[in-house]
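If you count the sequence shown from 1, you need to add 7 to reach the numbering used here.
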Amino acid sequence: MPNDTPALDPTMTSSTKNYVVQVTQTWRGKDSDGKVFPLHWALTIITSDIGDEPSGNIYNAAGNIDTYYFDQHNDVPLRDANWRGDLPIGTIRQADLADAERILADVEITRHHTNWNCQNWVWASIRALRRGGYAVQMFTREQLIEKMDKLLDDWESGEI
């Protein structure tokens, strides 16, 4: 059952521990013409945060316009050389993680549509979690894009 507890408290027992949910963006490089690809977005859940090396689970739409599919990686580092920022959007109780993962696995994937990509999947996933009763922030798609653009600016200026 989802819980509206808003903050991560390190004194909680394992049965009541909350995991931070965030939107994470990574650099994808440039195409053969030198045009910058849109940043890749994924939902990530921090399950272990030791020092500057958070690890946890990554949920995203992977592939390309013809092959998009739901992709999940558990207990992996959440930052690498392509990392361009994280936007915390809420929490999920450890006990509810499996239910939240089922919700994410059921988010619709669109193929063969030039205007659809992983960023659309993340937006739909945030809405699905919210509809499922999870304590995640709600904002417009435009506000989310603005927040993610600000993170990229912060990364480029060395603030994060």
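By construction, the Cβ of each residue, glycine as well, lies at the ideal position given by its N, Cα and C atoms.
Cut-off 7 Å between Cβ atoms - residues of its own chain near residue i, not counting five sequence neighbours on either side
| i | result |
| --- | --- |
| D161 | G92 and I167 |
Own chain, CB closer than 8 Å to residue i, minus 5 neighbours either side, in chain order
| i | result |
| --- | --- |
| H120 | I72 |
| Y76 | A68, A69, G70 and I116 |
| F146 | K154 |
Range of the contiguous beta strand (DSSP E) that encloses residue i
| i | result |
| --- | --- |
| R91 | W90 to R100 |
Chain-order list of residues whose beta-carbon lies under 6 Å from that of residue i (same chain, five-residue window excluded)
| i | result |
| --- | --- |
| K37 | V43 |
| S55 | S62 |
| R35 | F44 and H47 |
| A135 | I110 and V114 |
| D78 | N67 and A69 |
| N64 | I52 and N81 |
| A112 | F77 |
| T18 | In this prediction, T18 scores a pLDDT of 38, lower than 50, which makes its location untrustworthy; the coordinate-derived value is nonetheless stated afterwards. Nothing meets the Cβ criterion. |
Cα-Cα separation between residue i and residue j, rounded to whole angstroms
| i | j | result |
| --- | --- | --- |
| I110 | D103 | 11 Å |
| T20 | V27 | Residue confidence is low: T20 scores 47 on pLDDT, short of 50, so the model does not pin down where it sits. Its coordinate-derived value is still stated next. When rounded, the distance between both Cα atoms is 16 Å. |
| G165 | N89 | 14 Å |
| K24 | H80 | 20 Å |
| E153 | L94 | 11 Å |
| C125 | H47 | 6 Å |
| D40 | L159 | 22 Å |
| T98 | T74 | 30 Å |
| E163 | T33 | 13 Å |
| L15 | N122 | Low local confidence applies: a pLDDT of 41 at L15 is under 50, so the model's placement there is unreliable, with the coordinate-based value given in what follows. Distance between the alpha carbons of L15 and N122 is about 36 Å. |
| E108 | R86 | 21 Å |
| S139 | D59 | Going by the sequence as given, residue 139 is Gly instead of Ser. Distance between the alpha carbons of G139 and D59 is about 31 Å. |
| V143 | K157 | 20 Å |
| Q29 | L151 | 12 Å |
| R137 | I57 | 28 Å |
One or two residues paired with residue i in a DSSP bridge
| i | result |
| --- | --- |
| S55 | S62 |
| P84 | S62 |
| Q32 | W48 |
| N67 | D78 |
| Y172 | Given that the chain is displayed from residue 8 to residue 167, the structure contains no residue 172 and the question cannot be resolved. |
| V173 | In the structure displayed, the chain extends from 8 to 167; residue 173 sits before or after that span and is not available. |
Nearest residue (CA-CA) to residue i, options the options
| i | options | result |
| --- | --- | --- |
| R100 | W130, Y141 and Q79 | Y141 |
| I116 | F146, A131 and V83 | A131 |
| L50 | T31, N124 and G58 | T31 |
| Y66 | I133, E149, Q150 and L158 | I133 |
| E149 | R138, R137, G139 and N127 | N127 |
Continuous alpha helix (DSSP H) stretch holding residue i: start and end
| i | result |
| --- | --- |
| N127 | C125 to R138 |
| K157 | R148 to E163 |
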